[in-house]
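As C-alpha cells, the structure follows; a few thoughts come after it.
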Amino acid sequence: MEKRRIVVIFGGCSSEHEVSRLSAKCIIDNLPKDKYEVLTLGIDKAGRWLLTDSSSDDIASGAWEQNPNNRSASLSPDRSIGGLLVLNGDGRCEIVRIDAAFPALHGKNGEDGTIQGLFQLSGIPFVGCRTLASAVCMDKAVAHTLLTGARIKQANYLWFFACNYKTGADKIKLKVEARLGYPVFVKPANAGSSVGVSKVNCEAELDDAVAKAANEDDKVVIEECIVGQEVECAVLGNEKPEASIVGEIAPSADFYDYDDKYKNGTSQLYIPAHLSPEVSETLRHTAERAYRMLGCTGLARVDFFVRNGDEILLNEINTLPGFTSISMYPKLWEACGVSIPELLDRLIGLAFENQ
Numbered sequence: 113m114e115k116r117r118i119v120v121i122f123g124g125c126s127s128e129h130e131v132s133r134l135s136a137k138c139i140i141d142n143l144p145k146d147k148y149e150v151l152t153l154g155i156d157k158a159g160r161w162l163l164t165d166s167s168s169d170d171i172a173s174g175a176w177e178q179n180p181n182n183r184s185a186s187l188s189p190d191r192s193i194g195g196l197l198v199l200n201g202d203g204r205c206e207i208v209r210i211d212a213a214f215p216a217l218h219g220k221n222g223e224d225g226t227i228q229g230l231f232q233l234s235g236i237p238f239v240g241c242r243t244l245a246s247a248v249c250m251d252k253a254v255a256h257t258l259l260t261g262a263r264i265k266q267a268n269y270l271w272f273f274a275c276n277y278k279t280g281a282d283k284i285k286l287k288v289e290a291r292l293g294y295p296v297f298v299k300p301a302n303a304g305s306s307v308g309v310s311k312v313n314c315e316a317e318l319d320d321a322v323a324k325a326a327n328e329d330d331k332v333v334i335e336e337c338i339v340g341q342e343v344e345c346a347v348l349g350n351e352k353p354e355a356s357i358v359g360e361i362a363p364s365a366d367f368y369d370y371d372d373k374y375k376n377g378t379s380q381l382y383i384p385a386h387l388s389p390e391v392s393e394t395l396r397h398t399a400e401r402a403y404r405m406l407g408c409t410g411l412a413r414v415d416f417f418v419r420n421g422d423e424i425l426l427n428e429i430n431t432l433p434g435f436t437s438i439s440m441y442p443k444l445w446e447a448c449g450v451s452i453p454e455l456l457d458r459l460i461g462l463a464f465e466n467q
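All you need for the working numbering is the position in the sequence shown, starting with 1, plus 112.
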C-alpha cells in the first residue's frame, strides 16, 4: 500500500507556540511510519513558514529554527497545486504535493479558524474542526452565548469589549458584583491554555486582571468561580462522535494554569474521574451534544466543572487540545484502549472522511 504524505504543522504566532512544538514531537514520533510519510512544517514566531527536516527533539526544543536545510514554504490555496510551494536555495519554486495536513497548533492562528480556512481553500484534507466550529469554540463569548441558547448549563458569566472597560469600568464592576459575586475568573475571549487568565478575589484586583486579559484579545469574559471538580472528556468523530471515559484534574496551583498544564507537570490526573457512573454518563452525553451543536468534527476536548458531585457545568471546548506526553486528550483515549498511534491514524481517517 502506498504511503500517504502527511504534513505536520507546528509553532505559529501564538502565546502557545512552545506547547505546539511539544505536541508536534508527540505526533511525529507516533504517526505509524508504515502508513504515512511525514513532512514537518514550522511557523516561527515572526510568522515565517519553513519546511524542515529537523528531528522531533530539535522541534520540541526550538533548535529547528537554526537548521540550515530549512526552506521557505507556503500552503497554496490553489486546488490545482494540492500542496506546498517550496522555495529552493537556487531561487526556484518546487511543488510538494501532500495528502493531508495535521495542524499541531494551539491558540490564535492555529485553532481559531484562520488556518482552517486556508486548508478548506486548498482542498486538502486536514485533522480537526472546520473554520466556523474552530472560530466559535475559540471565542468564549460566542461559545457561551450559543451554549446558553442550547440550554447547556454553564457557570454564570458576562463579557464585554476591552475598550469599553476604559470608559465604563464602574458599570461593569456593578454587573460583576450583582450577577457573579467574588471570586471570579477573568479571561481573554480568544486564547487557550489559560493564557491571560486571572482569579480575582475582590473588586480592587479587577483592573489588573482585565488589563492582562486585554493583552491577549479585544474581548474579555468574566465567569463566576465554581467550587467543584474539574473534569474533562475527549470526543472523537464527525457526524457520530464518541466520548471517552471522563478524567479529573486536581491542580497543584490555585487553578489549572499554563505552567501547571505544560511546565510543572505537578497536577494530579485521575482516570476515571471520581464521579458516579450516572453523572459520568450524563457528562459524556452532554459533551457529545455540545460537540455536535457547535459543529465540531475530528476531535475536541470538552471541559466541565461538577459541583456537589452531580451538577454538571460545561466550561469550554478545545478544538485542538494539547498532544504532549502529559496531555489529557491522548491519556483519556489510552484509558479506553486506544493507543496514540491508533488515535492519530483514526484522526487522519476522519480528516479524509470529512473532506
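Ideal Cβ placement from N, Cα and C applies to all residues, glycine included.
| Item | Value |
| --- | --- |
| Sufficient close CB pairs (3 or more, under 8 Å) joining the region 153 to 160 to the region 255 to 266 | no |
| Where the alpha helix (DSSP H) through E130 begins and ends | H129 to N142 |
| Counted within 10 angstroms of its Cβ, other Cβ atoms place F231 as buried (16 or more) or exposed | buried |
| For S303, three-class secondary structure by DSSP | The sequence given here places Ala at residue 303; Ser does not occur at that position. Correct three-state label for A303: coil. |
| Three-state class that DSSP yields for L411 in the structure shown | strand |
| Segment contact flag, the region 207 to 223 with the region 386 to 393, C-beta cutoff 8 Å, min 3 pairs | no |
| Per-residue burial, G203 [other beta carbons within 10 Å of its own, 16 or more giving buried] | exposed |
| V298 to I207 span [Cα, whole Å] | 46 Å |
| Nearest-angstrom beta carbon gap, K443 and G359 [assumed within contact, 8 Å] | 7 Å |
| Secondary structure of T152, DSSP reduced to three states | strand |
| C-alpha distance - Y368 paired with S379, whole-angstrom precision | Any reading at Y368 needs caution, since the residue's pLDDT is 48, under 50, leaving its predicted position unreliable; the model's value is listed next. Roughly 8 Å between the two C-alpha positions. |
| Rounded C-alpha distance that separates V131 from L381 | 19 Å |
| Delimiting residues of the alpha helix (DSSP H) encompassing L462 | I452 to E465 |
| Contact under 7 Å by Cβ, A253 with A326 | no |
| N- and C-terminal bounds of the alpha helix (DSSP H) containing Q228 | T226 to S234 |
| At least three beta-carbon pairs within less than 8 Å, the region 420 to 428 to the region 392 to 402 | yes |
| Cut-off 8 Å between Cβ atoms - residues of its own chain near N67, not counting five sequence neighbours on either side | Shown here, the chain extends from 113 to 467; a query on residue 67 therefore has no answer. |
| Expected contact under 8 Å - CB spacing of I334 and L270 to nearest Å | 6 Å |
| When A355, G410 and A412 are compared against T394, the one with the closest alpha-carbon | A355 |
| Three-state secondary structure assigned by DSSP to Y294 | coil |
| Which of helix, strand or coil DSSP assigns to K283 | helix |
| Integer-rounded CB distance, given that E336 should sit under 8 Å from G293 | 7 Å |
| Cα-Cα separation, N200 to N181 | 10 Å |
| Residue nearest to E278 in terms of C-alpha spacing, selected from D190, D320 and P189 | The question names Glu, but residue 278 in the sequence shown is Lys. The shortest C-alpha separation from K278 is found at D320. |
| Separation of S246 from G229, as counted between CA atoms | 10 Å |
| Alpha-carbon to alpha-carbon, V307 and Y374 | Low confidence applies here, because Y374 scores a pLDDT of 48, under 50, leaving its location unreliable and the question unanswered by this model. |
| Within 7 Å, strictly: CB atoms of L162 and S234 | no |
| Distance, S127 Cα to K324 Cα | 13 Å |
| Candidates C205, P363, A346 and V332, of which the one nearest D251 by Cα | V332 |
| Delimiting residues of the alpha helix (DSSP H) encompassing K324 | L318 to A326 |
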